[in-house]
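Residue numbers (the UniProt record's numbering): 1 to 371.
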Amino acid sequence: MSFFSAKPQLASENDSLNTKNELQVEFKEAYKDKFHIGTALNTRQIMGGEPGAMQVVKQHFNSIVAENCMKSSRIQPEEGEFDFSIADKFVEFGEQNDMHIHGHTLIWHSQAPEWFFLDKDGNTVSREVLIQRMKDHIFTVAGRYKERIHSWDVVNEAILDDGSFRKSKFYEIIGEDFVKLAFLYAHEADPTAKLFYNDYSMSNPKKREGVVKMVQKLKEEGVPISGIGMQGHIGINHPGLEEFEKSIVAFGNFGEVMITELDLSVLPSPWGDAGAEISKNFEYKDEMNPFPNGLPQEVQQEFSQRYLEFMKLFLKHQNTISRVAFWGVNDGNSWKNNWPIRGRTDYPLLFDRQNNPKPVLEDIIRLPGKN
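Shown next as structure tokens:
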């Protein structure tokens, strides 16, 4: 989701090659007959800077997604100048470890380079020019990894919470057809890859209706969309399980559902929901960072119970869900430490800052045997 990096961790915190509390069964092994268990990799990890975290990835995950290095501003910062150095290493790591590889993301308004939408004089480009630039970008990126990347987030976050189209530059210049064109180009560039639409706050009823309307229209027009990604940026009290389940069922009518970008924040939200609009940032206040030195036992218990509830829900819909992917490996490199308020200490993942599994993971691993 985010381009924010977590605050730096000491090597002893975030780079340990030895983890305590070794699990008897690997996370991915417990769910091998259910769905892929994925995680996002950041640039430092991909480039070898966190061997402890990468040991966790190899042991417990069978699917990977790049957190930032495949976004358009990183991979084509200037027109026609592509930098695949980090993305290539990401894909190679997945191949070397026989993993499902998910590409993120081909078209996203938030981290697109400015030149994408401007001519040499700084004026907004025509519809035809932007369509060509979008096509060239998709063909170059998806084409490079043809038959190597198994699935793509083709378009990211095109629908607002009220169900209407986001008035992004892609929408303003091309119109809603930019979504259709992106999927058509991605399929042409790599007919073997599965293609997904990905968005946050997907349990919101109005947003659900908007996404269903858009995807239904795409399907009716013969657009090759394989399914929908539901970003799982959740909190202790939101969203409601019932509404989340309604969206899984609704989206499952159009193909596979992926639970993407899963993390569980225990910190107070400035606006009280589980959105992921990265343009929103708030000033730091101590009361918004209540656990700088660790979680109280009662909060840890709430955290564990909440994760178990969601994993039970995912198992209930295992015939629809093909991948559950966490947005980071350990707490220390989670974007939630710096968003929506920079400088906080959050605990949203299943491995702590020393790469040790949290107690709830053992309970999560036991769940498939109970279903």
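A virtual CB, placed ideally from N, CA and C, is assigned to each residue, including glycine. Here the structure is a predicted model, which is why all the values come from computation and not from measurement.
Requested in this report: Taking residue 63 as part of the beta strand (DSSP E), name the residues at either end of that continuous run.
Outcome: 63-66
Query - Where the beta strand (DSSP E) containing residue 260 begins and where it ends - result: Counting along the chain, the unbroken beta strand (DSSP E) around residue 260 starts and ends at 256-265.
Requested in this report: Using 10 angstroms around the beta-carbon of residue 31, count the other beta-carbons present and answer buried if the total reaches 16, otherwise exposed.
Outcome: Burial check for residue 31: the Cβ neighbour count within 10 Å reaches 16 or more, so the residue is buried.
Query - Residue of 38, 368, 76, 106 minimising C-alpha distance to residue 100 - result: 38
Report task. Identify which residue in 43, 55, 48, 188 has its Cα closest to the Cα of residue 26. Result -> Of the listed residues, the one whose Cα sits closest to residue 26 is 55.
Query - Residues sharing a beta bridge with residue 103, DSSP - result: 152
Query raised in the report: residue 264 to residue 166, Cα distance in whole Å?
Result: 26 Å
Requested in this report: Using alpha carbons as the reference points, say which of 224, 201, 268 lies closest to residue 244.
Outcome: 201
Query raised in the report: Roughly how many whole angstroms lie between the Cα atoms of residue 176 and residue 204?
Result: 21 Å
Report task. Out of 194, 295, 160, state which residue places its alpha-carbon closest to the alpha-carbon of residue 331. Result -> Of the candidates 194, 295, 160, the one whose C-alpha sits nearest the C-alpha of residue 331 is 295.
Query raised in the report: Which whole-angstrom value is the C-beta distance of residue 163 and residue 207, which I expect to be below 8 Å?
Result: That belief holds up - the Cβ atoms of residue 163 and residue 207 are roughly 6 Å apart, short of 8 Å.
**Report entry** Whole-number beta carbon distance between residue 214 and residue 179, since they are thought to touch under 8 Å
**Finding:** That pair is a contact at about 7 Å.
Report task. Report yes if the CB atom of residue 255 is closer than 7 Å to the CB atom of residue 222, and no otherwise. Result -> no
Report task. With DSSP collapsed to three states, give me the class of residue 54. Result -> helix
Query - Where residue 361 sits in the DSSP three-state scheme - result: helix
Report task. Return the Cβ separation of residue 198 and residue 153 in integer angstroms, given the expectation that the two are a contact with Cβ distance under 8 Å. Result -> Yes, they are in contact, since the Cβ atoms of residue 198 and residue 153 sit about 4 Å apart, within 8 Å.
Query raised in the report: Are at least three pairs of beta-carbons, each pair with one atom in the region 184-193 and one in the region 229-243, less than 8 Å apart?
Result: no
Query raised in the report: Measuring CA to CA, which of 262, 78, 57, 329 is closest to residue 120?
Result: 78
Query raised in the report: So what does residue 198 bridge to, in DSSP terms?
Result: 156, 229
Requested in this report: Report yes or no: do three or more beta-carbon pairs, one from the region 91-99 and one from the region 123-138, lie closer than 8 Å?
Outcome: no
Query raised in the report: Taking the C-alpha atoms as reference points, what is the distance between residue 285 and residue 369?
Result: Looking at the two C-alpha atoms, the distance is approximately 44 Å.
Query raised in the report: Between residue 67 and residue 40, is the Cβ-Cβ spacing less than 7 Å?
Result: yes
Query - Exposed unless 16 or more other CB atoms sit within 10 angstroms - verdict on residue 28 - result: buried
**Report entry** When 90, 313, 73, 61 are compared against residue 48, the one with the closest alpha-carbon
**Finding:** 90
Query raised in the report: How big is the Cα-Cα spacing for residue 63 and residue 82?
Result: 25 Å
Query raised in the report: If you draw a straight line from the C-alpha of residue 88 to the C-alpha of residue 145, how long is it?
Result: Rounded to whole angstroms, the gap between the alpha carbons of residue 88 and residue 145 is 9 Å.
Query raised in the report: Less than 6 Å between the CB of residue 177 and some heavy atom of the ligand MN, yes or no?
Result: Looking for the ligand MN in the displayed structure turns up nothing, as the structure carries no ligands at all.
**Report entry** Simplified DSSP state of residue 179, which is helix, strand or coil
**Finding:** helix
Query raised in the report: Hey, how far is the Cα of residue 262 from the Cα of residue 51?
Result: Residue 262 and residue 51 have their C-alpha atoms spaced approximately 22 Å apart.
Query - Counterpart residues of residue 323 in DSSP-defined beta bridges - result: 36, 258
Query raised in the report: To the nearest angstrom, how far is it from the Cα of residue 327 to the Cα of residue 351?
Result: Our two residues, residue 327 and residue 351, have alpha carbons roughly 12 Å apart in a direct line.
Query raised in the report: Who are residue 41's beta bridge partners in DSSP?
Result: 66
**Report entry** Of the residues 257, 283, 45, the one placed nearest residue 325, counting alpha carbons only
**Finding:** Distance from the Cα of residue 325 is smallest, within the candidate group 257, 283, 45, for 257.
Query - Candidates 320, 357, 311: closest to residue 367 by CA position - result: Relative to the Cα of residue 367, the nearest Cα in the group 320, 357, 311 belongs to 311.
Requested in this report: Using the Cα positions of residue 106 and residue 183, report the straight-line distance between them to the nearest angstrom.
Outcome: 10 Å
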